[in-house]
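J.:
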Amino acid sequence: MNLIIKDLYVSINKKNILKGVNLIVPQGKIHAIMGPNGSGKSTLSLALAGYPAYVIKSGSILLNGNNITHLTPHNRAKKGLFLAFQYPLEIPGVNNAYFLKTIVKTHVRYKDTGAVKIMSLIEEYMLKLGMSSDFLKRDVNEGFSGGEKKRNEILQMFMLKPSFSILDEIDSGLDIDALKFVSISIDRFLKENPKSSVILVTHYSHLFKYIKPQKIHILINGKIATSGDISLVQKLEKKGYQGLSN
Amino acid sequence: MKKDINKLYSHLLSDKFFAWKISKNFSNKYLHYLLEKFLEIFPQYPIDNISTITKNLQEKKDDSGIKSLEEKLNGNKSIIYKVYSSNSMPQKIINQILNMYNFSSVKHYIMPLCLLKNAIFIDVLPNTNFNISINDIKKILNDNSVVSDYIHIHVGKNSIGKIENTYNQSHLLINSSIFDIILEENSYLSFTNLQNDSSKTHSFFSIIANQKRKSTFLLNNIFLNSYITLNYININQPEVNCKSFIKWLLIGSKHQHTFDTIKINHNNDNGLSLEDFKSIYYDNSCRHLDNLVLIRKNIQNIRSHQLSKNLVLSPNVYIKIKPSMKINSGNIRCTHGVVIDKLDKNIIFYMCSRGLNMKVAEDIVLISFVKNLLDSIDHSVFQKTTWFYLKYRLWILK
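Here the protein sequences line up with chains A and B, keeping their order. Last residue of the first sequence: 252 in the numbering used here, with the numbers rising by one and none dropped. Last residue of the second sequence: 408 in the numbering used here, with the numbers rising by one and none dropped.
(1) In three-state DSSP terms, what is alanine 59/A?
(2) Isoleucine 109/A touches chain B at which residues, Cβ-Cβ below 9 Å?
(3) From the DSSP output, in three-state form, read off phenylalanine 91/A for me.
(4) Bridge partners of asparagine 185/B, per DSSP?
(5) Here's the rule: buried if 16 or more other CB atoms are within 10 angstroms of the residue's CB, otherwise exposed. What is lysine 71/B?
(6) Assuming serine 216/B and serine 254/B make a contact with CB atoms under 8 Å, what is their CB distance in whole Å?
(7) Is the beta carbon of serine 378/B less than 9 Å from the beta carbon of valine 100/A?
(8) What is the residue span of the beta strand (DSSP E) that isoleucine 23/A lies within?
(9) List the DSSP bridge partners of glutamine 221/B.
(10) Would a check of beta-carbon distances place isoleucine 232/B closer than 9 Å to chain A?
(11) Can you check whether the CB of asparagine 308/B is closer than 9 Å to the CB of asparagine 338/B?
(12) Which residues of the stretch 217–240 of chain A have a Cβ closer than 7 Å to any Cβ of chain B? Give them in chain order.
(13) Assuming leucine 199/B and isoleucine 232/B form a contact by the criterion Cβ under 8 Å, report the distance between their Cβ atoms to the nearest whole angstrom.
(14) Using a Cβ-Cβ cut-off of less than 9 Å, give me the residues of the stretch 56–86 of chain A that come near chain B, in sequence order.
(15) Ends of the alpha helix (DSSP H) at leucine 5/A?
(16) Report, in whole angstroms, the separation of the C-beta atoms of isoleucine 238/B and serine 213/B, which I expect to be a contact under 8 Å.
(17) Under a three-way DSSP split, which group does tyrosine 373/B fall into?
(18) Would tyrosine 291/B pass as a contact of leucine 317/B if the rule is Cβ separation under 9 Å?
(19) Taking the alpha-carbon of valine 349/B as reference, which of Lys224/B, Val370/B, Lys330/B has the nearest alpha-carbon?
(20) Let me know if proline 32/A comes out buried or exposed under the rule of 16 or more other beta-carbons within 10 Å of its beta-carbon.
(21) Since glutamate 154/A is in the alpha helix (DSSP H), which residue starts that stretch and which ends it?
(22) For phenylalanine 398/B, count the other beta carbons within 10 Å of its own beta carbon; 16 or more makes it buried, fewer makes it exposed. Which is it?
(23) Check the Cβ-Cβ distances between leucine 250/A and every residue of chain B, and say whether any is below 9 Å.
(24) Suppose the cutoff is 6 Å on Cβ atoms and the five residues either side in sequence are ignored; what does the same chain contact list for asparagine 175/B look like?
(25) When burial is assigned at 16 or more other CB atoms within 10 Å of the CB, is asparagine 230/B buried or exposed?
(26) For the beta strand (DSSP E) containing proline 79/A, list its first residue and its last residue.
(27) Can you tell me where the alpha helix (DSSP H) holding isoleucine 124/A begins and where it ends?
(28) Report yes if the CB atom of serine 169/B is closer than 9 Å to the CB atom of phenylalanine 140/B, and no otherwise.
(29) Give a yes or no on whether 9 Å exceeds the smallest Cβ distance from aspartate 354/B to chain A.
(30) Please confirm whether leucine 69/A and leucine 24/A have their CB atoms less than 9 Å apart.
(31) Check lysine 87/B in the structure and name its three-state DSSP category.
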């Protein structure tokens, strides 16, 4: 088992957002979490990554058998968890190349790898992701288009090779071509890293043209309302979230 | 001693002589404390009137090294140096220094000036490229106990160069410098000042710059450490096509109090002034910044911008920033702004989610905050020194 979420209750500013989420994502599998606005999708993503403002009231999160419920965000990352942000943060004054080198170098996988080798790996992956070397000269995400920001997230995923990734609305803000490219890149990552698991958090099914999740979970009002295979998406498109929850 | 304090205290509070009461925010109790400290160091301090200052100067001894210094410095024929210690200073020079200031308006000079140790005159001849280190001059003087310097810099027509000045004298309790700068027509001066005194130092730093036509003055000020810092900057643009740039970095920590008074006077057409302040505040640090741009009546085509960005890292920090512009003319473009913020927790979280621990993430954000400003300072050796100081400071302040 890769990720096990048991009866997770999460609140922010004393308001309960997640109300008993149970979820199991086995190793090497792709699951999707869908849900209407305000259902708690992003809260779940951020709570898994350890966002300090979200308070875990009860329940547990196990990653590869390790209880990460109360770990700090950086220790969760070190255990192999990766969150691709819906809105990647801009960090003015921090050069992208420096940032990538720094985060990669702190990863145990690259502990003994020299800076030159790390840079050549970054450039190799950038080439695969269709990113120009100009990205390295700019500050992290500053002035990046929506598509560029998402590519930068995927580049970090490629470099860190997490055992578990949460892709929070990776499709938002992308045009058709960018969506296709980002989706194909994620698919390539999963093929290159078959033991890695992914949760795709999304509103829409258009991502599934390129990435086929084995299981779909519908999150409504802070709980998994229903789960099923890809055929659940067809039902969802017919009935809508409200229809499914009734 | 107590009688002396009270006497001095009453003088200082009078209209004529209230040197330490530079800010209304100085409480009387605090003022009293400062005076006690001052008199502990200088119990012989005469307080009757300003004329005793000159007397005091003449009574001081020790002018060793002055002659040999002048010989060494004057090897370069395009820069003329004259150096005086307090006892070798002719009355004419003392009067020149004293007469420079209107004591009723520039009050906080009086006390440092009465302790004047060295007067250094640097005259850069026209059409000269120069690179001067004030510290090199002090090194030759072999004088580490400098309490107060008066430094006169005259940059000749069409001359271009840099002057740098570093304070890293942790043992000093009072440290003061008065820079009197004149830039002749079409000259360019990049002046960089790094101050890294001890957390016990009372530091006084002032610059009065007068620019002639088409001259450019860059002032790069970096303040890393002291107990009390009083800065007074007055830049005058009495002629046309003058440009003034101020880049200012402050890292406040512990009980550091910084009082900055900055004034730029646009007194003629086609002037430019750009001011960029960045500050990081830790612990119980306190800062007052009074920043004024004055544009005289009927002056044309002035561009002036002030921006102060402040990063507050402790709930006990006190900041009072007053950017202001007195505009008495029409054809101008001016902006001013102040940003006061805490570390962006979302950025820290983003970095932590990539495996960086919080300390590293915060350091990266803090360094990135000041990076652009430091990178724009055109003293490469100085930049390296500053980075070293900064990284050390950020590290030890955690």
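Think of the CB as a built atom: it goes at the ideal place given N, C-alpha and C, for glycine as much as any other residue.
T.: If we stick to the structure as given:
(1) Indexing the first sequence from 1 puts residue 59/A at position 53. Alanine 59/A: coil per DSSP, three-state reduction.
(2) Taking the first residue of the first sequence as 1, we reach residue 109/A at position 103. Going along chain B in sequence order, the residues near isoleucine 109/A (Cβ under 9 Å) are Met361, Arg364, Gly365, Leu366.
(3) Locating residue 91/A in the first sequence gives position 85, where the first residue counts as 1. Coil.
(4) Your numbering for residue 185/B matches position 175 in the second sequence. Paired residue(s): Ser213/B.
(5) Numbered from 1 along the second sequence, position 61 holds the residue referred to as residue 71/B. For lysine 71/B, the predicted model reports a pLDDT of 44, less than 50, meaning its position is unreliable and no value from the coordinates is stated.
(6) By one-based count along the second sequence, residue 216/B stands at place 206. By one-based count along the second sequence, residue 254/B stands at place 244. Rounded, the Cβ-Cβ distance is 16 Å, inconsistent with contact.
(7) As a working note, residue 378/B is residue 368 in the second sequence. As a working note, residue 100/A is residue 94 in the first sequence. For serine 378/B and valine 100/A, yes; Cβs fall inside 9 Å.
(8) Residue numbering aside, residue 23/A sits at position 17 when the first sequence is read from its first letter. First-last of the beta strand (DSSP E) with isoleucine 23/A: 21–31.
(9) In the second sequence, counting from the first residue as 1, residue 221/B sits at position 211. Its beta-bridge partners are Leu193/B.
(10) What you label residue 232/B is simply residue 222 of the second sequence in a count that begins at 1. Not an interface residue.
(11) The sequence position of residue 338/B within the second sequence is 328, counting from 1. The sequence position of residue 308/B within the second sequence is 298, counting from 1. It is a contact, given that the beta carbons lie within the stated cut-off.
(12) none
(13) Here residue 199/B corresponds to residue number 189 of the second sequence, with the count starting at 1. Here residue 232/B corresponds to residue number 222 of the second sequence, with the count starting at 1. 17 Å between Cβ atoms; not a contact.
(14) Gly56, Tyr57, Pro58, Ala59, Thr78, Pro79, His80, Asn81, Arg82, Ala83, Lys84
(15) Chain A is shown from 7 up to 252; residue 5/A falls before or after that span and cannot be answered.
(16) As a position in the second sequence, residue 238/B is number 228, starting the count at 1. As a position in the second sequence, residue 213/B is number 203, starting the count at 1. Indeed they touch by this definition, with Cβ atoms about 7 Å apart.
(17) For the purposes of this step, residue 373/B is identified with residue 363 of the second sequence, where counting begins at 1. One point to set straight first is that residue 373/B is aspartate, not tyrosine, in the sequence displayed. If DSSP states are grouped into helix, strand and coil, aspartate 373/B belongs with the helices.
(18) The residue labelled residue 291/B in the question sits at position 281 within the second sequence. The residue labelled residue 317/B in the question sits at position 307 within the second sequence. Not closer than 9 Å, so no.
(19) Residue 349/B sits at position 339 when you count from the first residue of the second sequence. When only C-alpha atoms are compared, the closest one is Lys330/B.
(20) Locating residue 32/A in the first sequence gives position 26, where the first residue counts as 1. Proline 32/A is exposed by the Cβ-count criterion.
(21) Taking the first residue of the first sequence as position 1, residue 154/A is located at position 148. That run of the alpha helix (DSSP H) goes 152–166.
(22) Locating residue 398/B in the second sequence gives position 388, counting from the first residue. The residue is exposed, with fewer than 16 neighbouring Cβ atoms inside 10 Å.
(23) Against the first sequence, residue 250/A aligns to sequence position 244. Judged by the 9 Å Cβ criterion, leucine 250/A is not in contact with chain B.
(24) Indexing the second sequence from 1 puts residue 175/B at position 165. Cβ within range, chain order: Ile144, Asn203.
(25) One-based indexing of the second sequence puts residue 230/B at position 220. Flag for asparagine 230/B reads buried.
(26) For the purposes of this step, residue 79/A is taken as the residue at position 73 of the first sequence. Proline 79/A -> not in any beta strand (DSSP E); alpha helix (DSSP H) instead, spanning 79–84.
(27) Sequence index remark: in the first sequence, residue 124/A carries index 118 (1-based). Unbroken alpha helix (DSSP H) run through isoleucine 124/A: 121–134.
(28) Locating residue 169/B in the second sequence gives position 159, counting from the first residue. Locating residue 140/B in the second sequence gives position 130, counting from the first residue. Cβ atoms of serine 169/B and phenylalanine 140/B: closer than 9 Å.
(29) If you number the second sequence from 1, residue 354/B lands on position 344. So yes, aspartate 354/B belongs to the interface.
(30) To locate residue 69/A, count along the first sequence from 1; it is residue 63. To locate residue 24/A, count along the first sequence from 1; it is residue 18. No; because the gap between Cβ atoms is not below 9 Å, this pair is not in contact.
(31) Locating residue 87/B in the second sequence gives position 77, where the first residue counts as 1. Three-state result, lysine 87/B: coil.
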